[in-house]
Amino acid sequence: MARQMVMIGFLQAQNCTNLPASWRHPQSRDDSTSADYYQEIGRILEAGKFHVAFFDDRLAMPDRYGNDHAHTVEYGIRCVKMDPVVVLTCMGMATQKLGLASTASTTYYEPFDVARRFMTLDLMSGGRAAWNVVTSINDGEAHNMGHDIHPDHDLRYDRADEFMEVVLGHWDAWDDGAILNDKSTGRFADPTKVKRLDHAGRFFKSRGPFTVPRSPQGHPVIIQAGASGRGHRFAGRWGEVIFSAGRVPGVAKEGYDAVKGEAAKLGRDPDHIFICNILTPVVGATKAEAEDKMATISKLPLEIDALSLLAEGLNFDFATKGIDEPLTTEELNGMQGLVGLRDGVLRRTGKTNPSARDFIAYSGRGQVESATVGGPKEIADAMEEFFVARACDGFVVAATYVPGGYADFVRHVVPELQRRGLYHLDYAGNTLRENLGLPRPPVGAWKLPASRAAAE
Ligand SMILES: Cc1cc2nc3c(=O)[nH]c(=O)nc-3n(C[C@H](O)[C@H](O)[C@H](O)COP(=O)(O)O)c2cc1C
């Protein structure tokens, strides 16, 4: 069958979309703390045959700018951040086929807890769950989770590698067919088919046996997002769906080739990894209608939105600098979190020491300049260019307001992509793996053969 796009809705269990100003849009729903708000989005995504509804997460509100949360709360800059797994569960109750993905941090959680939460969601949703593995972003999260500072980049990834071994090890604890439910003999399950993990490593100790049986799709799909070389290695080792943020096909393709290359080195099938690039569409029935919509949307963001989210995303307090003062090399090197964002600004400005104003103008953070604006043809053309160039295998679609941003995409763009044969007409099956075309993993499939593990 011809290769087709994977479609993912980029959601936030918060008071706005990925665009912090979205809540000010005249047609934005203003009940983002209700289940119905997310369930309506879920139904729209499912009508558009989206593979996955995907929630990001953060364990703190953006309060790195000026070390203060007042502006965040006052202007609604992602200041509400609810537990995405609970929100997803509500969404799963209103949908049948839509995949349900949430972010959870390997830096601040325990693997047993994460393994149990996601396997439970997988069972409750009939095999539709996915976990987005992140190593988290900033000191605000550290302060909320019992630490003084956010740990160093590579240390976080080392911990994340071991975290994966514990989670996947626990997910293998119950063999398929372990449950007997035999009322005549009184035997519930076969004890020879339920194993203890007995993990004791550098970062974690976790004994088991795990308390949740395997799900219809084996275990949740693994999603990952990381832009550094270490991040690409991690993605190539563990990721099944990768969230990338390349703005132009050339840059996106570099990341695409890096992750698929890392996977191939480890003997994984690169076609079993779907790299999905961010897309912020502003859609109308025609280009002119879309431009009118964009005119409304582009008036929404404030400068403080960008400054606050830059400070939060890069773990650097931009309030310590004048807005036009160049950042020092030391300050730039000390940035953490979304360092791909910093590197994009360095590349696009061509400056060694850009200022805060350069970061606002060239990062796109909290703003809408990077949106793709158009009617069905223009949006589908832009997507097709990325997809055909193998700069991505699909898209993480970020709405500028909800639910209208998704409704417009489903009404206008989805039929155009289907007409071009670039997107499926319907779900292939029931579980997320069936719908992505991923095989159900046998127990232990994630382990590298000893020869490859040694070369890693
Ligand atoms: C596109 C993208 C999305 C991310 N989303 C999240 C998120 O929702 N929550 C989070 O804590 N970290 C998120 N991260 C941060 C990563 O988990 C990681 O900590 C960070 O990017 C540093 O790794 P890197 O240098 O390999 O990019 C994201 C990173 C990228 C590139």
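Using the numbering used here, the first residue of the sequence shown is number 459, and each one after it goes up by one.
We treat Cβ as the ideally placed atom computed from N, Cα and C, and that holds for glycine.
It should be emphasised that the depicted structure is a prediction, and the values quoted were computed from it without experimental measurement.
So, helix, strand or coil for P707, using DSSP?
Reading the sequence shown from its first residue, position 249 is the one you call residue 707. Helix at P707.
Whose C-beta lies closer than 7 Å to the C-beta of D648 among residues of the same chain, with five residues either side of it excluded?
Residue mapping note: residue 648 aligns to position 190 of the sequence shown, counting from 1. Closer than 7 Å at the Cβ level, and outside the excluded window around D648, lie A636 and L638.
Cβ distance (whole Å) where V846 is taken to contact P739 below 8 Å
Position 388 of the sequence shown holds residue 846. Position 281 of the sequence shown holds residue 739. That belief does not hold up - the Cβ atoms of V846 and P739 are roughly 18 Å apart, past 8 Å.
In whole angstroms, what is the alpha-carbon distance linking M577 and G666?
Position 119 of the sequence shown holds residue 577. Position 208 of the sequence shown holds residue 666. So the alpha carbons of these two residues sit roughly 15 Å apart.
Compute the Euclidean distance between the alpha carbons of L804 and L880, then round it to the nearest angstrom.
On the sequence shown, residue 804 is found 346 positions in, with the first residue counted as 1. On the sequence shown, residue 880 is found 422 positions in, with the first residue counted as 1. Each residue's alpha carbon lies about 34 Å from the other.
Identify every residue that forms a DSSP beta bridge with R645.
Here residue 645 refers to the residue found at position 187 when the sequence shown is read from its first residue. BP columns for R645 point to D640.
Using the three-state DSSP reduction, which class does V901 fall into: helix, strand or coil?
As a first step, residue 901 must be located in the sequence shown, where it is residue number 443. If DSSP states are grouped into helix, strand and coil, V901 belongs with coil.
Is L894 near F732, with beta carbons less than 8 Å apart?
On the sequence shown, residue 894 is found 436 positions in, with the first residue counted as 1. On the sequence shown, residue 732 is found 274 positions in, with the first residue counted as 1. Their beta carbons are under 8 Å apart, which means L894 touches F732 by this criterion.
Count the other CB atoms, across all protein chains shown, that sit within 10 Å of the CB of D866; report buried if there are 16 or more and exposed otherwise.
For the purposes of this step, residue 866 is taken as the residue at position 408 of the sequence shown. Buried: at least 16 other Cβ atoms inside 10 Å.
When burial is assigned at 16 or more other CB atoms within 10 Å of the CB, is R461 buried or exposed?
Looking up residue 461 in the sequence shown gives position 3. R461 comes out exposed.
For the beta strand (DSSP E) that F701 lies in, which residues bound it at each end?
Within the sequence shown, numbered from 1, the residue matching residue 701 stands at position 243. Secondary structure note for F701: its beta strand (DSSP E) is the uninterrupted segment V699 to S702.
Would you call L613 buried or exposed, if buried means 16 or more other Cβ atoms sit within 10 Å of its Cβ?
In the sequence shown, residue 613 corresponds to position 155, counting from 1. L613 is exposed by the Cβ-count criterion.
Buried versus exposed, by CB contacts within 10 Å (16 or more), R878:
Taking the first residue of the sequence shown as position 1, residue 878 is located at position 420. Counting Cβ neighbours within 10 Å, R878 comes out exposed, since fewer than 16 surround it.
Does the distance from the CB of A505 to the CB of V871 come in under 8 Å?
Position 47 of the sequence shown, counting from 1, holds the residue named residue 505. Position 413 of the sequence shown, counting from 1, holds the residue named residue 871. It is not a contact, given that the beta carbons lie outside the stated cut-off.
At a cut-off of 7 Å, is V699 close to ligand 1 when judged by its beta-carbon and the heavy atoms of the ligand?
Taking the first residue of the sequence shown as position 1, residue 699 is located at position 241. Result no, Cβ not under 7 Å from ligand 1.
Under the three-state reduction of DSSP, which class applies to R539: helix, strand or coil?
Walking along the sequence shown from the start, residue 539 turns up at place 81. The sequence shown places Lys at residue 539, not Arg. The answer is strand: DSSP assigns K539 an E or B state.
Strand pairing of H657, partner residues [DSSP]
In the sequence shown, residue 657 corresponds to position 199, counting from 1. S664, per the DSSP bridge assignment.
Let me confirm a value: F621 is counted as buried when at least 16 other C-beta atoms fall within 10 Å, else exposed. Which label applies?
In the sequence shown, the residue the question calls residue 621 occupies position 163. In summary, F621 is buried, with 16 or more beta-carbon neighbours lying within 10 Å of its beta-carbon over all protein chains present.
For I736, the three-state DSSP class (helix, strand or coil)
Mapped onto the sequence shown, residue 736 falls at position 278. DSSP places I736 in strand when its eight states are reduced to three.
Can you tell which of R575, A838 and G694 has the C-alpha that lies nearest to the C-alpha of T744?
Sequence index remark: in the sequence shown, residue 744 carries index 286 (1-based). With distances taken between Cα atoms, T744 lies closest to A838.
To the nearest angstrom, how far is it from the Cα of S560 to the Cα of K779?
Your numbering for residue 560 matches position 102 in the sequence shown. Your numbering for residue 779 matches position 321 in the sequence shown. In a straight line, the C-alpha of S560 is about 35 Å away from that of K779.
8 Å Cβ cutoff met for A471 and V545
As a first step, residue 471 is located in the sequence shown; it is residue number 13 there, counting from the start. As a first step, residue 545 is located in the sequence shown; it is residue number 87 there, counting from the start. Contact: yes.
Could you say which of F776, G659, K809 and G824 lies nearest to G792 if we only look at CA atoms?
Locating residue 792 in the sequence shown gives position 334, counting from the first residue. Per the Cα distances, F776.
Mind checking P900: buried by the 16 CB within 10 Å criterion, or exposed?
Counting from one through the sequence shown, the residue named residue 900 turns up at place 442. The residue in question, P900, is exposed, as its Cβ has fewer than 16 Cβ neighbours within 10 Å.
In chain order, which continuous runs of the beta strand (DSSP E) of length 3 or greater are located wholly inside the segment 767-844?
830-832
Name the DSSP beta bridge partners of M465, please?
Counting from one through the sequence shown, the residue named residue 465 turns up at place 7. M465 is bridged to F853.
Residue span of the beta strand (DSSP E) that contains Q554, given as start and end
Looking up residue 554 in the sequence shown gives position 96. Where Q554 is concerned, there is no enclosing beta strand (DSSP E), given that its DSSP letter is neither H nor E.
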